[in-house]
Amino acid sequence: MKQFSFSLEKILDLRKFEKKQAEAELGKALSEEKRIQDQLDDIASERVSTNNDSDSVHDIFNLMRNQQYLSLLKIREEQYLNDLAQAKIVSEGKRNELIEAMKKEKVLTKLKEAKLREYNKNLNKQEDISNDDVVTARYGR
4 MKQFSFSLEK ILDLRKFEKK QAEAELGKAL SEEKRIQDQL DDIASERVST
54 NNDSDSVHDI FNLMRNQQYL SLLKIREEQY LNDLAQAKIV SEGKRNELIE
104 AMKKEKVLTK LKEAKLREYN KNLNKQEDIS NDDVVTARYG R
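Quick note: the sequence shown uses my numbering, first residue 4, plus one each step.
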């Protein structure tokens, strides 16, 4: 009896590869999101530090410098928030691509499993017929 072979095996392998690629791309997108969020966290801690410094400074020039630095931090924060929004949009798109790739792979995997069950059922049926023939030949005489 010949071995089981799934005629769409190459396509299934391609779907698995596409799923791995989608997982990698989603990982990169989430990593970028995390990097931007870390930058925002750094800005927040810098703002707290600068505000604490401003409370203890009585020199007008240092106060002005701190205010300018806070303004710069505000601009950077707005920039990073825009970047974070864009990164979240990209991540959501990559997540949808991964879901789609997983669905495509799952369909082919289910089909392969169904074909394998059918193959095994036919194999068992042929073995039963063969065994019946052997028993009939042996005891039928």
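We put the CB at the ideal spot given by N, CA and C, even for glycine.
Minimum Cβ-Cβ distance from Glu-12 to chain B less than 8 Å: Going by chain labels, chain B is absent from the structure shown, which holds only one protein chain.
Cβ-based burial, Ala-32 [other Cβ within 10 Å; buried from 16]: For the purposes of this step, residue 32 is identified with residue 29 of the sequence shown, where counting begins at 1. With 16 or more other Cβ atoms within 10 Å, it is buried.
In terms of residue numbering, what span does the alpha helix (DSSP H) encompassing Leu-33 cover? Here residue 33 corresponds to residue number 30 of the sequence shown, with the count starting at 1. That run of the alpha helix (DSSP H) goes 12-59.
Proximity to Leu-76 [Cα-Cα], best of Ile-102, Val-60, Asp-45 and Ala-27: For the purposes of this step, residue 76 is identified with residue 73 of the sequence shown, where counting begins at 1. Closest option to Leu-76, Cα to Cα, is Asp-45.
So within the region 91-131, which uninterrupted alpha helix (DSSP H) runs reach at least 4 residues, ignoring any that extend past its ends? none
How long is the line joining the alpha carbons of Arg-68 and Thr-53, rounded to whole angstroms? Within the sequence shown, numbered from 1, the residue matching residue 68 stands at position 65. Within the sequence shown, numbered from 1, the residue matching residue 53 stands at position 50. Going from the Cα of Arg-68 to the Cα of Thr-53 covers about 10 Å.
Reduced DSSP category for Phe-7 - H, G, I as helix; E, B as strand; rest coil: Residue numbering aside, residue 7 sits at position 4 when the sequence shown is read from its first letter. Here Phe-7 sits in coil by DSSP.
With a threshold of 6 Å on Cβ separation, who are the neighbours of Leu-15 within its own chain once the five nearest residues in sequence on each side are excluded? On the sequence shown, residue 15 is found 12 positions in, with the first residue counted as 1. Answer for Leu-15: Leu-111, listed in chain order.
Contact between the region 121-128 and the region 55-73: three or more CB pairs below 8 Å? no
When Glu-81, Glu-100 and Asn-55 are compared against Gly-30, the one with the closest alpha-carbon: Taking the first residue of the sequence shown as position 1, residue 30 is located at position 27. Ranking the options by Cα distance to Gly-30, first place goes to Glu-100.
Can you say whether Lys-97 is buried or exposed, counting buried as having 16 or more other CB atoms within 10 angstroms of its CB? Sequence index remark: in the sequence shown, residue 97 carries index 94 (1-based). Lys-97 is buried by the Cβ-count criterion.
Expressed to the nearest angstrom, what Euclidean distance is found between the alpha-carbon atoms of Lys-5 and Lys-118? Indexing the sequence shown from 1 puts residue 5 at position 2. Indexing the sequence shown from 1 puts residue 118 at position 115. Roughly 14 Å separates the two Cα atoms.
Three-state secondary structure assigned by DSSP to Asp-86: For the purposes of this step, residue 86 is identified with residue 83 of the sequence shown, where counting begins at 1. Of the three classes helix, strand and coil, the one that applies to Asp-86 here is helix, per DSSP.
Here's the rule: buried if 16 or more other CB atoms are within 10 angstroms of the residue's CB, otherwise exposed. What is Tyr-142? Numbered from its first residue, the sequence shown carries residue 142 at position 139. Exposed.
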